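Visitor:
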Amino acid sequence: MGRNGTIARDSEINCDRIAKVYDGDKAALSDINFTIPAHGIFSLIGRNGAGKTTLARILSTLLEPSSGRATIDGLDVMADANKLRERMAVVPQEGRTVAWMTPVQAVSAYLLWRGLSYSESKRKAIEAIAQVGMEKQADRLNRTLSGGMKRKVLVAMVLASDAEFVFLDEPSTGLDPISRQDLWKLLIELGKERFVFLTTHYLEEAESVADRIGILDDGKLLTLGNMDELRGHLKHQYSVKVPKGVDLPPVQGEIITLNNGLVQVLTTKDEALEISHHLIERKAQFSVNPVTLDDIFTYMVGAMDPELRESKEVEEE
Ligand SMILES: Nc1ncnc2c1ncn2[C@@H]1O[C@H](COP(=O)(O)OP(=O)(O)OP(=O)(O)O)[C@@H](O)[C@H]1O
Ligand SMILES: [Mg+2]
């Protein structure tokens with residue numbers, strides 16, 4: 538283990554009653570319990586202030602929990618922090634590149650610091666900068682780069698490293714839509730060999746790349762599982778969205794008034810088809826799709842917040 542970047546298949550990440558209270562404030566995390574394999578991509582999603590960064594920092598040994606215990610591959614994030622740090626790479630949410638270095642210099646300096654030789658560091662740095670699509674900016678000073686480009690330099694550091702456990706706190710924030718999709722491809726590749734802890738506000742991103750997704754709300758883990766397991770939280774697997782005020786046929790299922798001017802009907806595939814026919818006849822605008830992570834998130838997190846969710850059950854089976 539270690540330098541070749543492969544992780545034993547039975548290796549796990551474990552959180553046992555992790556809690557964090559900052560300076561006597563209310564709990565940023567409470568009673569977080571889970572065990573997941575230490576390979577593949579784990580994406581943590583949740584609203585601003587839900588506690589994602591706090592958990593990412595605890596697992597990446599940068600912050601002490603107030604109570605509870607967390608281990609990665611059997612190593613304690615507090616007692617064995619130094620051993621773990623050699624095996625991890627982190628892009629913090631507020632990560633900055635060194636202004637007076639170029640992207641290639643910044644990445645190679647990081648690799649040198651991780652113990653690689655000068656020539657190996659430079660070779661890998663050039664390769665990683667190309668992977669994030671920044672060949673043209675490879676030798677410009679970081680301070681002259683755009684915000685998204687600076688973010689990509691940080692991602693390149695992690696890609697170039699041989700770290701087994703990679704923590705990326707909102708790596709795609711500030712990236713344009715094309716770069717974001719390029720990043721997804723890189724993440725998927727990364728997840729084949731290593732463990733990636735990914736936080737994001739792009740739920741489509743989590744749905745596309747993650748093997749497992751955790752939903753955090755107000756410091757509590759509402760659920761954790763793969764997309765199929767998460768879909769299981771909803772009684773119905775199809776979603777029809779129509780603008781508020783559009784006449785709907787009597788439906789079985791759940792009607793949720795969203796706060797974006799739309800009404801969502803969660804229902805069965807057959808009912809969704811029937812509603813679609815009804816709406817097409819009336820030339821109404823609507824969309825229909827199998828439930829997405831977005832739907833699950835709105836349902837679960839909205840359910841915790843009565844102001845966001847105004848729902849009524851209609852003709853329950
Ligand atoms: N250093 C700190 N001191 C005090 N409170 C903090 C500190 N860092 C975070 N918090 C609080 O802890 C809670 C969780 O914050 P955290 O940064 O983990 O959320 P997040 O899910 O990463 O949010 P975002 O999506 O906005 O990045 C928030 O209530 C926040 O105000
Ligand atoms: Mg955060």
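Residues in the sequence shown are numbered consecutively from 538, following our numbering.
Where a beta carbon is used, it is the ideal one built from N, C-alpha and C, also for glycine.
In this text, all values refer to a predicted model and were calculated from it rather than measured experimentally.
Helix, strand or coil for M625 per DSSP?
Guide: strand
Visitor: Using the beta-carbon of each residue, find all residues closer than 5 Å to any heavy atom of ligand 1 and list them in chain order.
Guide: Y559, A565, N585, G586, A587, G588, K589, T590, T591
Visitor: From the DSSP output, in three-state form, read off V641 for me.
Guide: helix
Visitor: How long is the line joining the alpha carbons of V733 and L705, rounded to whole angstroms?
Guide: 7 Å
Visitor: Using the Cα positions of G798 and K781, report the straight-line distance between them to the nearest angstrom.
Guide: 6 Å
Visitor: What's the C-alpha gap between I569 and F834?
Guide: 19 Å
Visitor: Return the Cβ separation of I550 and I609 in integer angstroms, given the expectation that the two are a contact with Cβ distance under 8 Å.
Guide: 5 Å
Visitor: Quick one: is the Cβ of T736 within less than 7 Å of any heavy atom of ligand 2?
Guide: Indeed, a heavy atom of ligand 2 lies less than 7 Å from the Cβ.
Visitor: Note down the Cα distance separating S603 from K757, rounded to an integer number of angstroms.
Guide: 15 Å
Visitor: Can you name the start and end residues of the alpha helix (DSSP H) that E811 belongs to?
Guide: 806 to 818
Visitor: For G539, count neighbouring Cβ atoms within 10 angstroms of its own Cβ and tell me buried if that reaches 16, exposed if not.
Guide: Unreliable placement is indicated for G539, whose pLDDT of 44 sits below 50; the coordinate value is still reported in the next sentence. Exposed.
Visitor: Answer with buried or exposed for D547, where buried requires no fewer than 16 other C-beta atoms within 10 angstroms of its C-beta.
Guide: Classification of D547: exposed, given that the 10 Å Cβ count is below 16.
Visitor: In this structure, what does DSSP give as the bridge partners for Q789?
Guide: Paired residue(s): none; Q789 is not in a bridge.
Visitor: For F834, name the three-state secondary structure that DSSP assigns.
Guide: helix
Visitor: Relative to the alpha-carbon of Y655, which residue among A665, Q642, V635 has its alpha-carbon at the smallest distance?
Guide: If we check each option's Cα against that of Y655, Q642 comes out closest.
Visitor: On the CB-based measure, 16 or more other CB atoms within 10 Å of its CB, does G728 come out buried or exposed?
Guide: buried
Visitor: Taking the DSSP output, what are the residues bridged to L612?
Guide: I609, per the DSSP bridge assignment.
Visitor: Measure the alpha-carbon distance for V628 versus L691 and round it to whole angstroms.
Guide: 6 Å
Visitor: How many angstroms separate the CA atom of G638 from the CA atom of M686?
Guide: Per the sequence shown, the amino acid found at residue 638 is Met instead of Gly. When only Cα atoms are considered, M638 and M686 end up about 14 Å apart.
Visitor: Could you say which of A564, E741, L723, I725 lies nearest to D755 if we only look at CA atoms?
Guide: Ranked by how close their Cα comes to the Cα of D755, the residues A564, E741, L723, I725 have A564 in first place.
Visitor: What would DSSP say about D560, mapped onto helix, strand or coil?
Guide: In the displayed model, D560 falls within coil according to three-state DSSP, outside both helix and strand.
Visitor: Give me the Cα-Cα distance between D784 and A675, rounded to the nearest whole angstrom.
Guide: 56 Å
Visitor: List the whole-angstrom C-beta distance separating L753 from G652, where the pair is believed to meet the contact cut-off of C-beta under 8 Å.
Guide: Actually they do not touch by this definition, with Cβ atoms about 34 Å apart.
Visitor: For A607, count neighbouring Cβ atoms within 10 angstroms of its own Cβ and tell me buried if that reaches 16, exposed if not.
Guide: Counting C-beta atoms within 10 angstroms of its own C-beta, A607 has 16 or more neighbours from the protein chains shown and is therefore classed as buried.
Visitor: Report the option in L830, E741, R819, S709 whose CA atom is closest to the CA atom of G762.
Guide: L830
Visitor: Using only the heavy atoms of ligand 2, determine whether one of them is closer than 7 Å to the beta carbon of D706.
Guide: yes
Visitor: Going by other Cβ atoms of all chains shown within 10 Å of its Cβ, with 16 needed for buried, is K689 buried or exposed?
Guide: buried
Visitor: Among the residues of its own chain, which have a CB less than 7 Å from the CB of A821, if the five just before and after it don't count?
Guide: V779, V783
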